Amino acid sequence: GGGSGGDVDDIYWRHRREAVRLGRRLRKVQKRAVAARDGGDYSQARALWEEANRLRTQVEQLNWTAAERIEAELNAPVAPSATASPRLDLHGLHVAEALGALERRLAEMEAGVGVARAP
-13 GGGSGGDVDD IYWRHRREAV RLGRRLRKVQ KRAVAARDGG DYSQARALWE EANRLRTQVE
47 QLNWTAAERI EAELNAPVAP SATASPRLDL HGLHVAEALG ALERRLAEME AGVGVARAP
């Protein structure tokens, strides 16, 4: 696992591109909702906030899926029969995602599942 910074950037953007795109759309919808509310168009504001909530859910789901893929790609065993290294590459993960990856890895190590011991 691991690699150069450019490799990590490529992995990050390959898996996060759609979440980033929808995140930008989310922010635009939120701004439109605030403008509608401030302009007194409460029904339009409400509809836009509902759209923003749907987008937020999609962005969160896309980010968690991306995090799983990034973690798996950066920490894949080098050889097909190899066990995972005790090292854990957290590049490209957001804080909550990295903490979740660390918790999973610690649980695997405690259970002795598929993780080689450090030399």
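For the sequence shown, our numbering begins at -13 and goes up steadily by one. Cβ atoms here follow ideal geometry from the backbone N, Cα and C, with glycine treated the same way. Predicted model, so just to flag it, every value in this text is computed and none were measured.
Point to revise | Three-state secondary structure (DSSP) of Ala62 | key: coil
Review point. How would you label Asn49, buried or exposed, when you count the other beta carbons within 10 angstroms and need 16 or more for buried?
Key: buried
Review point. From which residue to which residue does the alpha helix (DSSP H) around Leu85 run?
Key: 81 to 97
**Study point:** Between the CA atoms of Leu60 and Leu85 - distance to the nearest angstrom
**Key:** 16 Å
**Study point:** Uninterrupted alpha helix (DSSP H) stretches inside the segment -12 to 58 (no shorter than 4 residues)
**Key:** -9 to 24
Check your understanding: Measuring CB to CB, does Leu34 end up less than 8 Å from Ala19?
Key -> yes
Check your understanding: By DSSP, does Leu74 sit in helix, in strand, or in coil?
Key -> coil
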